[in-house]
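Asks: So the protein lines, in turn, are chains A and B. For the numbering used here, add 18 to where a residue sits in the first sequence, where the first one is 1. For the numbering used here, add 381 to where a residue sits in the second sequence, where the first one is 1. Ideal Cβ positions, reconstructed from N, Cα and C, are used throughout, including at glycine. Take a look at the following structure, please.
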Amino acid sequence: MTPRKPWREMGLTDSEYDMVLKIMGREPNRVELGLFAVMWSEHCGYKNSRPLLKLFPTDGPRVIEGPGENAGVVDIGDGQALVFKIESHNHPSAIEPYQGAATGVGGIVRDIFTMGARPIALLNSLRFGTLDNERNRYLVRGVVAGIGDYGNCLGIPTVAGEVYFHPSYEGNPLVNAMCVGLVNTAEVIRAIAGEVGKPLLLVGAKTGRDGIHGATFASEELSAESESRRPAVQVGDPFMEKLLMEACLELINEDLVAGMQDLGAAGLTSSVAETASKGGCGVVIDVEKVLRREEGMTPYEVMLSESQERMLIIPREGAADRIQEIFDKWGLDASIIGHITDNGMFTIQEGDQIVGEVLVKALTDMCPVYHRESRVPDYYTRARLFDLESIPHELDYNNTLCDLLNVPSIASKKWIYQQYDHQIMTNTVVVPGNGDAAVLRIKGTNKGVAVTVDCNSRICYLDPYKGGMWAVCEGARNLACSGARPLAITNCLNFGSPEKPDVYWQMDQAVRGMAEAARVLQTPVVSGNVSLYNETRGGKAIYPTPVVGMAGLLTDVSKRLEMAFQDPGDYILLLGEVRDDIGGSEYLCLAHGVESGAVPDIDPADEAKLIELILSLNEKGLLKSCHDISEGGLAVCLAESAIKGNIGAEVKLALEPGQRCDGVVFGEAPSRVVVSASPQDLDGISAKGKELNVPVTVIGKVVGQYLEMAVDDQVIIRQEIGKLASIWGRAIECQMD
Amino acid sequence: MRFGVVVFPGSNCDADCYYVIDQVLKAAVEFIWHKETEIKGFDGLILPGGFSYGDYLRTGAIARFSPIMQSVSDFADRGGLVIGICNGFQILLEAGLLPGAMLRNNSLRFSCLPVNLKVKTDQSAFTGGFEADEVIALPIAHGEGNYYCDDVTYQELLDFDQIAFTYCNKDGLETPGANPNGSRGNVAGILNRERNVLGMMPHPERFSEGILGGEDGARIFASMLKSFKEGLG
């Protein structure tokens, strides 16, 4: 018989176990082994991604806190700051979509108010398999209801998001949730432990057996056995979270806490270890003091439970009584579970008996780091060499436009966002569907904040380096299109197994592309999360999906922009080049069944110039609408502006020699936007374009009730706006109901 | 006039209501914690939207047992103005201050969207600032706003002019297509027989400033203010 190797069940490799032995100088007991297993999981330890994450630019004049805290903090002037972060809850959502998505929201919200900030907005980035499959529709229903029910109950508006449907996510959906908070800069709380002897207070929900080893589960491939890991999925209670949030914000408001840390992945283990590690101290806790919702829990279970809606608090000197009063007011249970020590050890007791003792730094700083093997995949080379001239030029443009508007990834997401309360807190001044980003006013000021999440994973698959740039540029562009200057980035890196050289190469390339674009656009990365091992049965990795969440600032919120065309007679202009690239486009996939081709060139410097142009034109009040060209190309962009304005457009384009008509109409080359403006402002816009070296082309007029596009004087598209609106507006609803 | 916004655990539109009264109406307003047992010095009460007690058991079912609710009931009996919005409406139904009950939306989904409403009566402190049959716009955001009552109750609501708002299309027609949740008779808001208690599912506090997309909501609060001042005069 081979000897039992319990570490393997917990997700540690044999060599990692050897490291544990070396550190401990003895065999760890089950509790201690459990601590290592969760803290050294990819989810907590970033052991496969840490070398790559170092590539991101993280500094900037506005950055108050970069990566390393619960969330990034960015200065927005007037003594105020934005706190934001995005996080994944992919694996739980694949098994139990409602609770998986709901607790994803709960976790990210706690990260924000742990920093002392009032959460003001939620966003999400979702990926599913295609809607023709009942299992996928079930996942969509569950995830959307889970996100909605949790956020709605908390009273935080869900203001923006993105949703794509693609076979690569079959069986492994992605659920990334982002939260944005507002804080007075002076009141930012950092998770730092106090002096020796200071008590540790655990408050909120009672601890149960749910979610044990959730972090480990999130760090391995989904498999046929994953269904049996359902107990590793946590269960959410948004009402408890609401009480916890209000109580914690009240504590901070009265300056009663020295340190605060939410319990997320790896529960009490991670929360206590992180707090002690940052404070450079030791800690002793007694598991018997942890209030429980079920009997007979072992120390191991208490330490690894991922029960939701819990918070660890280190009170300020003399504040204990007042803290207790506030918890009583909100009906919350709290108990002192331990205290800070000076010996650098994480000591776990059950009553008087020590049941585990590990060096704090061993858990947080000695996690192994892997530099994985990287290899250029064959498909990448094939895609770059794919002969796009083999794609026929002839096309029924009217049908293709209608078909594109009917693609769920392009169509209106109304069916989804109407299930989210997006107006609560009465700050949302650009609601979902109306602009390229959501815009929130900041009460008591003239300022506004714009937020967006973006990633085109087909582009990332075909060329992860360009794809990484693409996601950052698109995010920044979307913010500019709503009138905001991009400030900073949070990201969620969703990939397959890093142990596969092809996948690691995707990660490496995507991160390098993102980092480069972030540098050029001066939008540092202030927070983020990594989700690896996103693979489905059969071991096929998802398309690389490095989701970018971005926040931007409007100094004058009355200058916000939306996508809708406004008045008949207005001119329609293209800012950026007339380009005809079709590689990696939705059009190429839909009309020709090809997901290949060289990805259109992208240069963040061009994007930066375009953003400057949009912002300076808008500053002068010259723009009446603004919408970027993305999936579905120019034609879909025009259709959406027309549908939103309920007014038609007549557009005339001329091809340069050698340009493809289908590419000009449906191609997705980046760094381009469509704006509308009053006739008297054309000269001013053109002059500014010349000054900033961005091509400006008048392409048509807002008029009538039809979208009409002519190329070289031949009308190729003529569709009634009402018909387009109906197709675009009902595409998802028709498949879901 | 002094407004009070009652805060239950899980209320989440309390701050929004407070903001409108304070910043838009420029009237006096204070929060009232649900554990209070006395309502003193207030002339109008707002029961805000949210998920009081997490909506566990049934929307509004636990909140009605909050200590404050007896005082709310007494306040209404004395003729004080009470407006319950969304979850506040659900609480008023559970507390028996208004007739009927709420079912889940017929779509079985939460719905957040702007709707058109027909003002069915201008004969109340809440709707005095409108023309009867006027079409206004307000947002809804609820999962259980499907108003139900039996035939007798519905007839009484009609007979006593107790229906304050109905869902309609932009031409003012109360069509099934304009009904976002399946409410009986497209009912969006009702008054008590004495006309000093209003429950409504749409959120007036969310359309009380132009920057948010509409100002019709502020007219409801302004009507309350005007009616109170006239009452004093």
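Could you check how far apart the C-beta atoms of A/Asn-552 and A/Gly-514 are, in whole angstroms? I think they sit under 8 Å.
Replies: Taking the first residue of the first sequence as position 1, residue 552 of chain A is located at position 534. Taking the first residue of the first sequence as position 1, residue 514 of chain A is located at position 496. A/Asn-552 to A/Gly-514, Cβ: 6 Å. Contact.
Asks: Taking the alpha helix (DSSP H) that A/Thr-94 belongs to, which residues open and close that run?
Replies: Taking the first sequence and counting its residues from 1, one reaches residue 94 of chain A at position 76. Note on residue identity: the sequence assigns Ile, not Thr, to residue 94 of chain A. That residue, A/Ile-94, is in no alpha helix (DSSP H); it is neither H nor E in DSSP.
Asks: Report the three-state DSSP secondary structure of A/Gly-833 (helix, strand or coil).
Replies: Summary: the structure shown does not reach residue 833 of chain A, with chain A confined to residues 19 through 755, and so no result is reported for it.
Asks: On the three-pair Cβ rule with 8 Å, is the region 439-454 of chain B touching the region 387-395 of chain B?
Replies: Taking 8 Å as the limit for Cβ pairs, the verdict is that the region 387-395 of chain B does touch the region 439-454 of chain B.
Asks: For the region 104-160 of chain A, which segments carrying the alpha helix (DSSP H) assignment without a break, of at least 4 residues, lie completely within its bounds, in sequence order?
Replies: Here the runs fully enclosed are 108-113 and 115-132.
Asks: Give every residue of the same chain whose Cβ lies closer than 6 Å to the Cβ of A/Asp-228, excluding the five residues on either side of it in the sequence, and list them in chain order.
Replies: By one-based count along the first sequence, residue 228 of chain A stands at place 210. The residues are Gln-252, Val-253 and Ser-325.
Asks: Can A/Gly-282 and A/Arg-393 be called in contact, C-beta distance under 8 Å?
Replies: Counting from 1 along the first sequence, the entry for residue 282 of chain A is found at position 264. Counting from 1 along the first sequence, the entry for residue 393 of chain A is found at position 375. No; because the gap between Cβ atoms is not below 8 Å, this pair is not in contact.
Asks: I'd like the list of long-range same chain contacts for A/Met-754, defined as Cβ closer than 8 Å, with 5 residues on each side in sequence excluded.
Replies: By 1-based counting over the first sequence, the position of residue 754 of chain A is 736. Correct list, in chain order: Leu-149, Arg-155, Val-158, Arg-159 and Trp-433.
Asks: Given that a residue counts as buried once 16 or more other Cβ atoms are within 10 Å of its Cβ, and exposed if not, what is A/Pro-410?
Replies: Within the first sequence, residue 410 of chain A is the residue found at index 392, counting from 1. Classification for A/Pro-410: exposed.
Asks: Suppose the cutoff is 6 Å on Cβ atoms and the five residues either side in sequence are ignored; what does the same chain contact list for A/Asn-170 look like?
Replies: In the first sequence, residue 170 of chain A corresponds to position 152, counting from 1. Excluding positions up to five away in sequence, the list reads Asp-439.
Asks: Whose C-beta lies closer than 8 Å to the C-beta of A/Asp-77 among residues of the same chain, with five residues either side of it excluded?
Replies: On the first sequence, position 59 is the one that residue 77 of chain A refers to. Correct list, in chain order: Gly-84 and Pro-542.
Asks: Scan the region 416-441 of chain A for residues whose Cβ lies nearer than 7 Å to a Cβ of chain B and list them as they occur along the chain.
Replies: Within the region 416-441 of chain A, the qualifying residues are Gln-436, Gln-437, Tyr-438, Asp-439, His-440 and Gln-441.
Asks: Once DSSP output is grouped into helix, strand and coil, what is the label at A/Arg-503?
Replies: Against the first sequence, residue 503 of chain A aligns to sequence position 485. If DSSP states are grouped into helix, strand and coil, A/Arg-503 belongs with the strands.
Asks: Is it right to say B/Arg-574 is buried, meaning 16 or more other beta carbons lie within 10 angstroms of its own, or is it exposed?
Replies: Reading the second sequence from its first residue, position 193 is the one you call residue 574 of chain B. Under this definition B/Arg-574 is an exposed residue.
Asks: So, are the CB atoms of B/Ile-521 and B/Cys-493 less than 8 Å apart?
Replies: Indexing the second sequence from 1 puts residue 521 of chain B at position 140. Indexing the second sequence from 1 puts residue 493 of chain B at position 112. Their beta carbons are under 8 Å apart, which means B/Ile-521 touches B/Cys-493 by this criterion.
Asks: Counting only the same chain and skipping the five closest in sequence on each side, list residues whose C-beta sits under 7 Å from that of A/Thr-287.
Replies: Stepping through the first sequence from its first residue, residue 287 of chain A is reached at position 269. Once the five neighbours on either side are set aside, the close Cβ partners of A/Thr-287 are Leu-53, Val-56, Met-57, Met-321 and Leu-322.
Asks: Taking the alpha helix (DSSP H) that A/Asp-280 belongs to, which residues open and close that run?
Replies: Counting from one through the first sequence, the residue named residue 280 of chain A turns up at place 262. Careful: A/Asp-280 lies outside any alpha helix (DSSP H), inside the beta strand (DSSP E) at 275-280.
Asks: By Cβ distance, which residues of its chain are closer than 7 Å to A/Thr-664, with the 5 residues on each side in sequence left out?
Replies: Translated into positions along the first sequence, residue 664 of chain A becomes position 646. In the sequence on display, residue 664 of chain A carries Asn and not Thr. Taken in chain order, the residues that qualify are Ile-739.
Asks: Determine the direct distance from the alpha carbon of A/Tyr-397 to that of A/Val-565, and round the result to whole angstroms.
Replies: Working through the first sequence from its first residue, we reach residue 565 of chain A at position 547. Working through the first sequence from its first residue, we reach residue 397 of chain A at position 379. Approximately 22 Å between the Cα atoms of the pair.
Asks: So is B/Leu-489 buried or exposed if we call it buried at 16+ other beta carbons inside 10 Å?
Replies: Counting from 1 along the second sequence, the entry for residue 489 of chain B is found at position 108. Per the 10 Å Cβ criterion, exposed.
Asks: By a C-beta neighbour count over all protein chains shown, 10 Å radius and 16 as the cutoff for buried, is A/Arg-136 buried or exposed?
Replies: Position 118 of the first sequence holds residue 136 of chain A. A/Arg-136 comes out buried.
Asks: Where DSSP assigns a beta bridge to A/Ala-291, which residues make up the other side?
Replies: Taking the first sequence and counting its residues from 1, one reaches residue 291 of chain A at position 273. Paired residue(s): none; A/Ala-291 is not in a bridge.
Asks: Tell me whether A/Leu-608 sits in a helix, a strand or coil according to DSSP, three-state version.
Replies: As a first step, residue 608 of chain A must be located in the first sequence, where it is residue number 590. In the structure shown, A/Leu-608 sits in a helix (DSSP, three-state: H, G or I).
Asks: By alpha-carbon positions, which one of A/Gly-531, A/Leu-606 and A/Ala-502 ends up nearest to A/Leu-633?
Replies: Looking up residue 633 of chain A in the first sequence gives position 615. Among A/Gly-531, A/Leu-606 and A/Ala-502, the Cα nearest to that of A/Leu-633 belongs to A/Ala-502.
Asks: Can you find a C-beta in chain B that's less than 8 Å from the C-beta of A/Val-447?
Replies: Stepping through the first sequence from its first residue, residue 447 of chain A is reached at position 429. Closer than 8 Å: yes.
Asks: Cβ closer than 8 Å: which chain A residues qualify as neighbours of B/Cys-394?
Replies: Mapped onto the second sequence, residue 394 of chain B falls at position 13. Simply Gly-173 and Ile-442.
Asks: Go ahead and label A/Ser-67 buried or exposed: buried means 16 or more other beta carbons lie within 10 angstroms of its beta carbon, across all protein chains shown.
Replies: Looking up residue 67 of chain A in the first sequence gives position 49. Flag for A/Ser-67 reads buried.
Asks: If distances are taken between C-alpha atoms only, which option among B/Tyr-399, B/Asn-393, B/Asp-397 and B/Ala-408 comes closest to B/Arg-383?
Replies: Counting from 1 along the second sequence, the entry for residue 383 of chain B is found at position 2. That would be B/Ala-408, whose Cα lies nearest to the Cα of B/Arg-383.
Asks: Pick helix, strand or coil for A/Ala-667, following the three-state DSSP scheme.
Replies: Residue mapping note: residue 667 of chain A aligns to position 649 of the first sequence, counting from 1. Residue state, collapsed to three classes: strand.
Asks: Any idea if A/Ile-332 is buried or exposed, counting beta-carbon neighbours within 10 angstroms, 16 or more meaning buried?
Replies: Within the first sequence, numbered from 1, the residue matching residue 332 of chain A stands at position 314. The residue is buried, with at least 16 neighbouring Cβ atoms inside 10 Å.
Asks: For the region 479-512 of chain A, which residues have a CB atom closer than 9 Å to at least one CB atom of chain B, in sequence order?
Replies: Cβ contacts with chain B come from no residue of the region 479-512 of chain A.
Asks: Along chain B, which residues have their Cβ under 8 Å away from the Cβ of A/Gly-349?
Replies: By 1-based counting over the first sequence, the position of residue 349 of chain A is 331. Simply Pro-390.
Asks: Which two residues bound the contiguous beta strand (DSSP E) that contains A/His-645?
Replies: Within the first sequence, residue 645 of chain A is the residue found at index 627, counting from 1. Element bounds for A/His-645: 643-646.
Asks: Please return the same chain residues whose Cβ sits closer than 7 Å to the Cβ of B/Pro-480, not counting the five positions on each side in sequence.
Replies: As a first step, residue 480 of chain B must be located in the second sequence, where it is residue number 99. Hits under 7 Å: Cys-530 and Thr-534.
Asks: Which term fits A/Asp-619, buried or exposed, when burial requires 16 or more other beta carbons within 10 angstroms of its beta carbon?
Replies: In the first sequence, counting from the first residue as 1, residue 619 of chain A sits at position 601. Exposed, by the Cβ-count rule.
Asks: Among B/Gly-524, B/His-415 and B/Gln-543, which one has its Cα closest to the Cα of B/Phe-507?
Replies: In the second sequence, residue 507 of chain B corresponds to position 126, counting from 1. When only C-alpha atoms are compared, the closest one is B/Gln-543.
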